[in-house]
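As they're listed, the protein sequences go chains F and H.
Per the numbering used here, the first sequence runs over residues 1 to 121.
Per the numbering used here, the second sequence runs over residues 122 to 621.
Backbone N, C-alpha and C define an ideal beta-carbon position, used for all residues, glycine too.
Data block below; observations after.
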Amino acid sequence: MELILAVVTGGLFAAGLYTILRRSIIRIAIGLVLLGHAANLLIFTAARLTRYRAPIIAGDADTLVQPAADPLPQAVILTAIVISFGVLVFALVLIRRVYQVVGTDDADELTTTDRPESQAK
Amino acid sequence: MNELVVLPLVIPLVAAGASLLFWGRRRVQRWLAVIGTGGQLAVAIALLLQVRAEGILVVEVGNWPAPFGIVLVADLLSSIMVVLTGLIGFAVALYSLGTVEARHEAFGYFPLVQILLLGVCGAFLTGDIFNLYVWFEVMLIASFVLLALGGRRSQIEGALKYVTLNLLASVLFLSAVGVLYGMTGTLNMADLAIRLDALPSPGLQTALAMLLLVAFGIKAAIFPLFFWLPASYHTPPAAVSALFAGLLTKVGVYAMLRVFTLIFDNDAGFTHTLILALAGLTMITGVLGALAQQEFRRILSFHIVSQIGYMIMGLGLFTPLALAASIFYVIHHIIVKANLFLVSGVARRISGSYELSRSGGLYSDAPGLAVLFLIPALSLAGMPPLSGFLAKLGLVTAGLDVGAYWIVAVALSVSLLTLWSMAKIWQEAFWKPLPEGSATDAAPLNAWSVRQMLVPITMLGAITVSIGLLGQPIFDLALDAAEQLLEPGHYIEAVLGGRP
Numbered sequence: 001m002e003l004i005l006a007v008v009t010g011g012l013f014a015a016g017l018y019t020i021l022r023r024s025i026i027r028i029a030i031g032l033v034l035l036g037h038a039a040n041l042l043i044f045t046a047a048r049l050t051r052y053r054a055p056i057i058a059g060d061a062d063t064l065v066q067p068a069a070d071p072l073p074q075a076v077i078l079t080a081i082v083i084s085f086g087v088l089v090f091a092l093v094l095i096r097r098v099y100q101v102v103g104t105d106d107a108d109e110l111t112t113t114d115r116p117e118s119q120a121k
Numbered sequence: 122m123n124e125l126v127v128l129p130l131v132i133p134l135v136a137a138g139a140s141l142l143f144w145g146r147r148r149v150q151r152w153l154a155v156i157g158t159g160g161q162l163a164v165a166i167a168l169l170l171q172v173r174a175e176g177i178l179v180v181e182v183g184n185w186p187a188p189f190g191i192v193l194v195a196d197l198l199s200s201i202m203v204v205l206t207g208l209i210g211f212a213v214a215l216y217s218l219g220t221v222e223a224r225h226e227a228f229g230y231f232p233l234v235q236i237l238l239l240g241v242c243g244a245f246l247t248g249d250i251f252n253l254y255v256w257f258e259v260m261l262i263a264s265f266v267l268l269a270l271g272g273r274r275s276q277i278e279g280a281l282k283y284v285t286l287n288l289l290a291s292v293l294f295l296s297a298v299g300v301l302y303g304m305t306g307t308l309n310m311a312d313l314a315i316r317l318d319a320l321p322s323p324g325l326q327t328a329l330a331m332l333l334l335v336a337f338g339i340k341a342a343i344f345p346l347f348f349w350l351p352a353s354y355h356t357p358p359a360a361v362s363a364l365f366a367g368l369l370t371k372v373g374v375y376a377m378l379r380v381f382t383l384i385f386d387n388d389a390g391f392t393h394t395l396i397l398a399l400a401g402l403t404m405i406t407g408v409l410g411a412l413a414q415q416e417f418r419r420i421l422s423f424h425i426v427s428q429i430g431y432m433i434m435g436l437g438l439f440t441p442l443a444l445a446a447s448i449f450y451v452i453h454h455i456i457v458k459a460n461l462f463l464v465s466g467v468a469r470r471i472s473g474s475y476e477l478s479r480s481g482g483l484y485s486d487a488p489g490l491a492v493l494f495l496i497p498a499l500s501l502a503g504m505p506p507l508s509g510f511l512a513k514l515g516l517v518t519a520g521l522d523v524g525a526y527w528i529v530a531v532a533l534s535v536s537l538l539t540l541w542s543m544a545k546i547w548q549e550a551f552w553k554p555l556p557e558g559s560a561t562d563a564a565p566l567n568a569w570s571v572r573q574m575l576v577p578i579t580m581l582g583a584i585t586v587s588i589g590l591l592g593q594p595i596f597d598l599a600l601d602a603a604e605q606l607l608e609p610g611h612y613i614e615a616v617l618g619g620r621p
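Here it is, written out as structure tokens:
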């Protein structure tokens with residue numbers, strides 16, 4: 001199982017990086033989504049896959065009965081998902097604005113900020 | 122008590138919330154920003170004094186003991202950075218009173234500035250590496266919106282580059298955090314430092330160190346990862362540029378200082394030599410990029426890159442004096458660079474353009490501003506008796522002590538080129554007469570709003586001069602902070618309370 005998830009994670013990283021490097025700017029958003037998934041899956045896999053019970057302390061006990069699953073990676077992933085969701089929404093709006101203002105979705109046309117002689121309007 | 126550690130976070134949060142309640146009333150928002158940032162500065166200074174007197178302060182959030190809960194840790198480096206955040210926030214809030222356009226204010230400029238300051242302070246104070254990621258994101262989201270606010274073509278384009286590369290850095294950082302947790306089972310930085318020492322996998326540790334170096338390197342804009350910075354920093358209004366230039370890249374530098382002194386200090390022969398080489402390359406590429414530019418804020422943006430090289434040069438040398446000089450350099454740089462961006466905004470309002478070819482005559486039109494430009498500009502180049510001279514002197518001495526002559530040569534020649542570049546701005550924008558046919562495209566200024574803009578510039582200029590003249594107490598502070606960094610035992614003991 002770890003091996004499958006490792007391959008999937010690697011594939012997602014590769015696909016995400018490749019998509020970001022494409023010229024069409026909407027693919028930047030898609031690439032960022034894939035990279036976010038890859039990072040979350042990496043955390044999930046790196047923190048050990050277990051089939052143990054849920055980490056809930058029974059009503060009459062003081063301590064957790066081992067072995068139990070580790071809840072922390074899931075909390076971390078949940079936080080990361082929420083953050084990447086918010087950031088992604090902003091990125092989508094921004095990409096739409098770029099398309100409206102510049103009139104193209106070709107990343108190679110976005111050179112206003114890089115040419116020394118250009119005028120900032 | 123330790124409430125002081127939490128207050129630099131609570132104050133901007135409350136101020137941001139309060140100014141959201143007064144969404145339509147911009148005058149109230151402005152003064153809330155001034156009061157909030159002023160309060161933050163006051164609390165930060167109190168925190169620094171207390172940390173200096175009593176040692177490292179730790180707050181366990183929600184009373185969950187470390188390493189299980191999230192801790193906030195204020196050591197000397199953190200509290201120095203928090204003071205600088207408060208100072209720049211206060212200066213920018215004052216500057217914004219008279220300069221921010223109504224359409225920026227209408228879309229939440231002031232609450233966003235507060236949230237940015239919240240994120241920056243959080244990143245400086247946290248003692249938990251995943252929490253550091255969260256604060257990075259708080260800061261990034263606020264900076265994304267501030268950068269794009271206004272919606273000019275250059276801003277939108279710059280924002281896209283900034284957003285993409287910074288999110289890529291976040292993904293790399295998050296991946297590194299995930300693997301670190303998988304290896305050690307903890308996210309607390311002090312606990313990480315102990316547990317990594319006990320692990321027998323130096324290869325994986327170095328790989329993780331490199332992953333974090335790339336992630337923080339993108340945020341700090343080191344060579345060869347800096348391209349988002351000169352593409353975006355010159356596009357927003359001057360107040361936003363100053364805020365970004367002062368604080369954002371320095372959060373990356375802080376994260377590198379923290380991680381490479383506390384957690385990854387085992388393989389210093391490899392990691393810190395690499396950092397030193399990157400420092401040299403960062404200095405050279407930054408200053409050469411600046412020489413090729415003909416626009417006020419683009420020149421300044423490339424100089425940020427160049428100066429980041431000096432800051433991580435101290436980390437690369439990894440001696441107490443070198444680290445102290447790095448910290449001193451950060452103090453000096455944040456004040457000077459934010460000030461230069463503020464000056465560029467005033468210069469543009471008077472002469473009508475950021476383009477050097479279309480501006481001029483500022484020396485005769487505004488001699489006071491010319492003096493206020495010269496102070497940070499000469500300090501940036503490292504002229505005595507200003508603060509930049511002491512910072513560079515410290516780094517050069519530290520470099521000569523360990524015999525790293527090539528980096529000293531690089532640092533000195535880059536310093537000379539910086540002076541050249543500042544002289545170019547002086548020559549073009551201040552000394553030569555205003556070219557024929559240059560019409561101002563900015564709103565006309567009244568004397569009151571110019572005076573309002575000059576208040577924070579004068580304040581920061583005065584601090585630059587006094588750091589230069591009274592450098593010893595500040596340098597002692599930096600030395601103490603560096604000694605704390607090089608003795609991670611104190612930090613670990615403060616966080617974990619002596620437990621193994």
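Straight-line gap, residue i to residue j (C-alpha atoms, nearest Å)
{"i": "residue 114 of chain F", "j": "residue 609 of chain H", "result": "42 Å"}
{"i": "residue 372 of chain H", "j": "residue 58 of chain F", "result": "43 Å"}
{"i": "residue 513 of chain H", "j": "residue 178 of chain H", "result": "31 Å"}
{"i": "residue 69 of chain F", "j": "residue 52 of chain F", "result": "5 Å"}
{"i": "residue 76 of chain F", "j": "residue 472 of chain H", "result": "51 Å"}
{"i": "residue 260 of chain H", "j": "residue 228 of chain H", "result": "18 Å"}
{"i": "residue 621 of chain H", "j": "residue 256 of chain H", "result": "Because residue 621 of chain H carries a pLDDT of 44, less than 50, the predicted location of this residue cannot be relied on, and no value is offered for it."}
{"i": "residue 493 of chain H", "j": "residue 82 of chain F", "result": "45 Å"}
{"i": "residue 446 of chain H", "j": "residue 600 of chain H", "result": "8 Å"}
{"i": "residue 623 of chain H", "j": "residue 614 of chain H", "result": "With chain H running from 122 to 621 in the structure shown, residue 623 of chain H is simply not present."}
{"i": "residue 38 of chain F", "j": "residue 190 of chain H", "result": "26 Å"}
{"i": "residue 68 of chain H", "j": "residue 463 of chain H", "result": "Outside the shown range of chain H, which is 122 to 621, sits residue 68 of chain H, and nothing can be said about it."}
{"i": "residue 612 of chain H", "j": "residue 397 of chain H", "result": "25 Å"}
{"i": "residue 119 of chain F", "j": "residue 128 of chain H", "result": "Only weak support is given to the placement of residue 119 of chain F: the predicted model assigns it a pLDDT of 45, under 50, and the question is left unresolved by the model."}
{"i": "residue 89 of chain F", "j": "residue 340 of chain H", "result": "21 Å"}
{"i": "residue 511 of chain H", "j": "residue 109 of chain F", "result": "44 Å"}
{"i": "residue 16 of chain F", "j": "residue 72 of chain F", "result": "26 Å"}
{"i": "residue 233 of chain H", "j": "residue 523 of chain H", "result": "44 Å"}
Nearest-angstrom Cβ-Cβ length linking residue i and residue j, presumed shorter than 8 Å
{"i": "residue 363 of chain H", "j": "residue 239 of chain H", "result": "About 18 Å separates the two Cβ atoms, so there is no contact after all."}
{"i": "residue 490 of chain H", "j": "residue 483 of chain H", "result": "6 Å"}
{"i": "residue 390 of chain H", "j": "residue 459 of chain H", "result": "Incorrect: roughly 36 Å between the Cβ atoms, too far for contact."}
{"i": "residue 71 of chain H", "j": "residue 449 of chain H", "result": "With chain H represented from 122 up to 621, any question about residue 71 of chain H goes unanswered, as that position is not in the structure."}
{"i": "residue 19 of chain F", "j": "residue 31 of chain F", "result": "3 Å"}
{"i": "residue 330 of chain H", "j": "residue 392 of chain H", "result": "5 Å"}
{"i": "residue 365 of chain H", "j": "residue 264 of chain H", "result": "6 Å"}
Boundaries of the beta strand (DSSP E) in which residue i is found, first to last residue
{"i": "residue 65 of chain F", "result": "Careful: residue 65 of chain F lies outside any beta strand (DSSP E) and carries neither H nor E."}
{"i": "residue 525 of chain H", "result": "Element bounds for residue 525 of chain H: n/a, residue is neither H nor E."}
{"i": "residue 195 of chain H", "result": "192-195"}
{"i": "residue 180 of chain H", "result": "178-181"}
From the options, residue whose alpha carbon lies closest to that of residue i
{"i": "residue 443 of chain H", "options": "H/132, H/604 and H/155", "result": "H/604"}
{"i": "residue 87 of chain F", "options": "F/110, F/29 and F/17", "result": "F/29"}
{"i": "residue 295 of chain H", "options": "H/209, H/250 and H/357", "result": "H/250"}
{"i": "residue 403 of chain H", "options": "H/384, H/148 and H/346", "result": "H/346"}
{"i": "residue 461 of chain H", "options": "H/421, H/527, H/184 and H/286", "result": "H/421"}
{"i": "residue 289 of chain H", "options": "F/4, F/60 and F/14", "result": "F/14"}
{"i": "residue 183 of chain H", "options": "H/124, H/170, H/597 and H/264", "result": "H/124"}
{"i": "residue 602 of chain H", "options": "H/537, H/488, H/441 and H/544", "result": "H/441"}
{"i": "residue 377 of chain H", "options": "H/162, H/418 and H/439", "result": "H/439"}
{"i": "residue 226 of chain H", "options": "H/147, H/306 and H/510", "result": "H/147"}
{"i": "residue 469 of chain H", "options": "H/571, H/590 and H/171", "result": "H/571"}
{"i": "residue 548 of chain H", "options": "H/185, H/477 and H/354", "result": "H/477"}
Segment limits, alpha helix (DSSP H) that includes residue i
{"i": "residue 255 of chain H", "result": "250-269"}
{"i": "residue 107 of chain F", "result": "Here residue 107 of chain F belongs to no alpha helix (DSSP H), and DSSP marks it neither H nor E."}
{"i": "residue 690 of chain H", "result": "Within the shown structure, residues of chain H are numbered from 122 to 621, placing residue 690 of chain H beyond reach of any answer."}
{"i": "residue 450 of chain H", "result": "441-472"}
{"i": "residue 303 of chain H", "result": "274-305"}
{"i": "residue 123 of chain H", "result": "Neither: residue 123 of chain H is in no alpha helix (DSSP H) and is coded neither H nor E."}
Contact test: residue i Cβ vs the ligand SAM heavy atom, cutoff 8 Å
{"i": "residue 313 of chain H", "result": "As far as ligands go, the structure on display features none, and thus does not contain the ligand SAM."}
Check whether residue i and residue j have beta carbons under 9 Å apart
{"i": "residue 577 of chain H", "j": "residue 164 of chain H", "result": "no"}
{"i": "residue 192 of chain H", "j": "residue 248 of chain H", "result": "yes"}
{"i": "residue 138 of chain F", "j": "residue 8 of chain F", "result": "Coverage of chain F is limited to positions 1 through 121, which leaves residue 138 of chain F absent and any answer about it impossible."}
{"i": "residue 151 of chain H", "j": "residue 217 of chain H", "result": "yes"}
{"i": "residue 425 of chain H", "j": "residue 350 of chain H", "result": "yes"}
{"i": "residue 555 of chain H", "j": "residue 466 of chain H", "result": "no"}
{"i": "residue 311 of chain H", "j": "residue 198 of chain H", "result": "no"}
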